[in-house]
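K.L.:
Numbering (my numbering), first residue to last: 8 to 175.
1. What separation, rounded to the nearest whole angstrom, lies between the Cα atoms of residue 32 and residue 101?
2. Which residues in the same chain have their Cβ closer than 6 Å to the Cβ of residue 106, if we skip the five residues on either side of it in sequence?
3. Does DSSP put residue 51 in a helix, in a strand, or in coil?
4. Does residue 24 come out as helix, strand or coil in the three-state DSSP assignment?
5. Please state the DSSP three-state secondary structure of residue 18.
6. Use the C-beta contact count for residue 16: other C-beta atoms within 10 angstroms, 16 or more gives buried, fewer gives exposed.
7. Which value, in whole angstroms, describes the spacing of the CA atoms of residue 116 and residue 30?
8. CA-CA distance, residue 27 and residue 72?
9. For the alpha helix (DSSP H) containing residue 105, list its first residue and its last residue.
10. Looking at the secondary structure, which residues open and close the alpha helix (DSSP H) in which residue 129 lies?
11. Going by beta carbon distance, what residues of the same chain come within less than 6 Å of residue 74, once the five residues before and after it are set aside?
12. Roughly how many whole angstroms lie between the Cα atoms of residue 143 and residue 89?
13. If you measure between the beta carbons of residue 84 and residue 132, is that distance less than 8 Å?
14. Does DSSP put residue 118 in a helix, in a strand, or in coil?
15. Looking only at its own chain, which residues have a Cβ that is under 8 Å from the Cβ of residue 62, when we skip the five neighbours before and after it?
16. Short check: CB of residue 112 to CB of residue 48, under 8 Å?
17. Give the C-beta separation of residue 70 and residue 99 to the nearest angstrom, bearing in mind that I take them to be a contact with Cβ-Cβ under 8 Å.
Right under this line is the structure:
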């Protein structure tokens, strides 16, 4: 079954007539997003990606709109990005391994150009859930090893070293 691209677009998958979807609230959320995230939701490459994904995973052939909704919900901050595998499993009825594979494809192939902006939205919506940027820690100071001469007692050994190489 072929879908028109509007049903696979995260922006237009739900309209004003969709039961349970509050278009005004959605528009308010869009107004607060960075421009490139709104552009992403409108980008024609996203429905193409979803179509390719549903063709690769035959069991998802009629679930494209559900994938579009989840992508939209992550971008606008309604769903935590780290919950994507569980959400895919719940919404699509797929096993967790398949859901992880799909989530990895979405994150690595679709979200890469906008990942930093998604993280910013997610940090506001889900404070403390995303790890903070790793603080670069200085390399630990390595104490130079002291020179040890054969036959000399080592302080850490208590002098209990036997040199098996000596023939005396």
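Ideal Cβ placement from N, Cα and C applies to all residues, glycine included.
P.N.:
Taking the structure as given:
1. Those two C-alpha atoms are separated by around 29 Å.
2. 92, 95, 96.
3. Correct three-state label for residue 51: coil.
4. In this structure, residue 24 counts as coil in the three-state DSSP scheme.
5. Collapsing the DSSP output to three states places residue 18 in coil.
6. Buried.
7. Note on geometry: alpha-carbon atoms of residue 116 and residue 30 lie some 28 Å from one another.
8. Per the coordinates, the alpha-carbon of residue 27 lies some 15 Å from the alpha-carbon of residue 72.
9. Residues 103–112.
10. Run containing residue 129: 122–132, per the alpha helix (DSSP H) assignment.
11. For residue 74, where only same-chain residues beyond five positions count, the Cβ hits under 6 Å are 57.
12. With a pLDDT of 47 at residue 143, under the threshold of 50, the modelled position of that residue is not reliable, and the figure given next carries that caveat. If I take the Cα positions, the gap works out to 23 Å.
13. When the beta-carbon positions are compared, residue 84 and residue 132 come within less than 8 Å of each other.
14. Residue 118: coil per DSSP, three-state reduction.
15. Same-chain partners within the cutoff: 68.
16. Against a cut-off of 8 Å, the Cβ pair of residue 48 and residue 112 comes out as no contact.
17. With a beta-carbon spacing of about 5 Å, residue 70 and residue 99 fall inside the 8 Å limit used to define contacts.
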